[in-house]
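In order, the protein sequence lines correspond to chains R and Z. If you want the numbering used here, it's the 1-based position in the first sequence plus 1466. If you want the numbering used here, it's the 1-based position in the second sequence plus 41.
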Amino acid sequence: DQQVKQNSPSLSVQEGRISILNCDYTNSMFDYFLWYKKYPAEGPTFLISISSIKDKNEDGRFTVFLNKSAKHLSLHIVPSQPGDSAVYFCAAGGTSYDKVIFGPGTSLSVIP
Amino acid sequence: DTGVSQDPRHKITKRGQNVTFRCDPISEHNRLYWYRQTLGQGPEFLTYFQNEAQLEKSRLLSDRFSAERPKGSFSTLEIQRTEQGDSAMYLCASSLELAGSTGELFFGEGSRLTVL
């Protein structure tokens, strides 16, 4: 059973516009959620996280929104840049879990 | 370079052979994880260590897989009698687990295994 879902395998956005990547989860016991970014031939790198007690966390151009009642989170990138083109993984974990569980990823292409 | 390093980066082997991957985590990190990633999928958890103790193994980890972290520093992942289905990217990650930590993992660049 897939506890973290990313239903959009790919997304294309024009440079300068907003990119919105979505993620759904099934387990209400998760304490925190994370977004990782992955370029080809590299390991994933941490981007931004949010605690389950918050509904928004912002870091520069990146903002993560959490809707616990809907078990949904989203990553907003504003403005999008060509260097943002990568695969983005949504992930979740918690004090009841000793591992971080990843979604299947969304491939973002930012078109110049 | 003080990041997570993995060796080898690429390994091509014939079905039935044994392979071993090594991971050197960030030195002050007490947790070390192994994940596997196949095309179009996110990283799938295999196992993790807290210092030298292996605390959890995924059901994905068959008896042909074994992982060690003998002195709580580097780790090895061995796959015996490799099968074509073992072809994947094997990712190592480390973290420093403290109360209130948010699960940030630091990944290496991965070891890509191709079983012919």
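Beta carbons: idealized from backbone N, C-alpha and C, even for Gly.
Min CB distance residue i to chain Z below 7 Å
i	result
glycine 1569 (chain R)	yes
valine 1530 (chain R)	no
glycine 1526 (chain R)	no
glycine 1482 (chain R)	no
Residue nearest to residue i in terms of C-alpha spacing, selected from the options
i	options	result
serine 103 (chain Z)	Z:Asp127, Z:Leu137, Z:Ala94 and Z:Gln95	Z:Asp127
phenylalanine 106 (chain Z)	Z:Glu145, Z:Thr61 and Z:Leu132	Z:Thr61
asparagine 71 (chain Z)	Z:Leu118, Z:Gly144 and Z:His51	Z:Gly144
proline 49 (chain Z)	Z:Arg56, Z:Gly57 and Z:Cys64	Z:Cys64
glycine 1569 (chain R)	R:Pro1578, R:Phe1555 and R:Gly1509	R:Phe1555
glycine 1482 (chain R)	R:Ile1543, R:His1538, R:Asn1473 and R:Ala1536	R:Ile1543
threonine 54 (chain Z)	Z:Trp75, Z:Ala94 and Z:Arg122	Z:Arg122
glycine 1443 (chain R)	R:Leu1500, R:Leu1477 and R:Asn1473	No answer is possible for residue 1443 (chain R): it lies beyond the span of chain R, which begins at 1467 and ends at 1578.
threonine 43 (chain Z)	Z:Ile67, Z:Gly81 and Z:Ala134	Z:Ile67
arginine 1527 (chain R)	R:Lys1565, R:Leu1513 and R:His1538	R:Leu1513
glutamine 1468 (chain R)	R:Ala1557, R:Leu1477 and R:Pro1506	R:Ala1557
Cβ-Cβ separation, residue j to residue i (assumed contact under 8 Å), whole Å
i	j	result
isoleucine 1567 (chain R)	phenylalanine 115 (chain Z)	Isoleucine 1567 (chain R) to phenylalanine 115 (chain Z), Cβ: 25 Å. No contact.
threonine 1572 (chain R)	valine 1553 (chain R)	7 Å
serine 1515 (chain R)	tyrosine 1491 (chain R)	Contact doesn't hold; Cβ gap of about 14 Å is too wide.
leucine 154 (chain Z)	alanine 129 (chain Z)	6 Å
leucine 73 (chain Z)	arginine 110 (chain Z)	6 Å
asparagine 1488 (chain R)	serine 1540 (chain R)	5 Å
phenylalanine 148 (chain Z)	glycine 1509 (chain R)	3 Å
alanine 108 (chain Z)	glutamine 91 (chain Z)	Actually they do not touch by this definition, with Cβ atoms about 13 Å apart.
serine 152 (chain Z)	glutamine 47 (chain Z)	5 Å
Closer than 9 Å at the beta carbon, the chain Z residues around residue i
i	result
glutamate 1508 (chain R)	Phe148, Glu150 and Gly151
serine 1478 (chain R)	The premise fails here: serine 1478 (chain R) is roughly 17 Å from chain Z at the closest Cβ pair, so nothing lies under 9 Å.
threonine 1415 (chain R)	As shown, chain R starts at 1467 and ends at 1578. That puts residue 1415 (chain R) outside it, with no answer to give.
Residues near residue i in its chain [Cβ-Cβ closer than 6 Å; skip 5 each side]
i	result
valine 1479 (chain R)	Ser1485, Ser1546 and Val1576
threonine 1511 (chain R)	Lys1503
leucine 157 (chain Z)	Lys55
glutamine 82 (chain Z)	none
Same chain, Cβ closer than 8 Å to residue i, neighbours up to 5 away in sequence not counted
i	result
lysine 1534 (chain R)	Ser1494, Ser1518 and Asp1521
lysine 112 (chain Z)	Glu93
glutamate 138 (chain Z)	Asn71, Arg72 and Gln91
Chain R residues whose Cβ lies nearer than 8 Å to that of residue i
i	result
glutamate 93 (chain Z)	In chain order: nothing, as chain R lies at least about 15 Å away.
phenylalanine 62 (chain Z)	Residues of chain R passing the Cβ test: none, with the nearest at roughly 13 Å.
Nonlocal neighbours in the same chain, by C-beta distance under 7 Å from residue i, ignoring five residues either side
i	result
glutamate 97 (chain Z)	Thr88 and Tyr89
Residue i at chain R interface by Cβ criterion, 7 Å
i	result
lysine 83 (chain Z)	The residue asked about is misnamed: residue 83 (chain Z) is glycine in this sequence, not lysine. Taking Cβ atoms only, chain R reaches closer than 7 Å to glycine 83 (chain Z), which makes this a yes.
phenylalanine 86 (chain Z)	yes
Partner residues on chain R for residue i, Cβ-Cβ distance less than 7 Å
i	result
leucine 132 (chain Z)	Gly1509
glutamate 97 (chain Z)	Asp1564 and Lys1565
phenylalanine 115 (chain Z)	What phenylalanine 115 (chain Z) touches in chain R: nothing, since even the nearest Cβ is about 17 Å away.
Within chain Z, the residues that residue i reaches when beta carbons sit closer than 7 Å
i	result
serine 1494 (chain R)	The contacting residues do not exist; serine 1494 (chain R) stays about 17 Å from chain Z at best.
glycine 1559 (chain R)	Gly144
Listed by chain order, chain R residues near residue i by CB distance under 9 Å
i	result
phenylalanine 90 (chain Z)	Per Cβ cutoff of 9 Å: no residues; phenylalanine 90 (chain Z) is ~10 Å from chain R at best.
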